[in-house]
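For reference, the structure discussed in these notes is given below.
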Amino acid sequence: MPLVKLFARKTLSKPVNLSSLQQKLCSIWNTKPDTTKLILTRVDDWTNDSFQEDIYVDIRAYGKKERTRDMVMDGMQQVQKAFGEEGLVANVRLEVYDGEKYFHLPPPPSTPQN
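33 is the number of the first residue of the sequence shown in my numbering; add one for each residue after it.
Below, the structure is given as structure tokens:
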């Protein structure tokens, strides 16, 4: 928990400090950096709806029993606040998944070259 995909327009001039945001999100979700991956994608544009966000935050998280709707909604508000502390207006979306249907294959450990 969790994978955090961040989408920002290429024209966004505000900095997006991934290290600082990762630290804040780890604190919010009580996770470690090695299980909390943040990925920033810069896009040309997105459809303009009623939100005026700087960044779209898409979170996928393991659906544990303790992650009730109230707990998740509170965490999402904290995430939005954390981005605000960085000077960014965030539109936050979170999806929980069934851990029995999750698979992950990390790259093999690197080996020294001769």
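Just so you know, even glycine gets a beta-carbon here, dropped at the ideal spot from N, CA and C.
| Beta-carbon proximity list for GLY131, same chain, < 6 Å, skipping 5 on both sides | For the purposes of this step, residue 131 is taken as residue 99 along the sequence shown, with counting starting at 1. Hits under 6 Å: TYR94.
| query | Using 8 Å as the threshold, is the stretch 33–48 in touch with the stretch 58–69, meaning 3 or more CB pairs across them? | reply | yes
| said: Check whether the stretch 134–142 and the stretch 67–85 are in contact - that is, three or more C-beta pairs closer than 8 Å. | reply: no
| field | Residue of ARG41, LEU70 and LEU57 minimising C-alpha distance to GLN112 | value | Here residue 112 refers to the residue found at position 80 when the sequence shown is read from its first residue. For the set ARG41, LEU70 and LEU57, the Cα lying nearest the Cα of GLN112 is the one of LEU57.
| Contact under 8 Å by Cβ, MET103 with VAL124 | Within the sequence shown, numbered from 1, the residue matching residue 103 stands at position 71. Within the sequence shown, numbered from 1, the residue matching residue 124 stands at position 92. Result no, Cβ atoms of MET103 and VAL124 do not sit closer than 8 Å.
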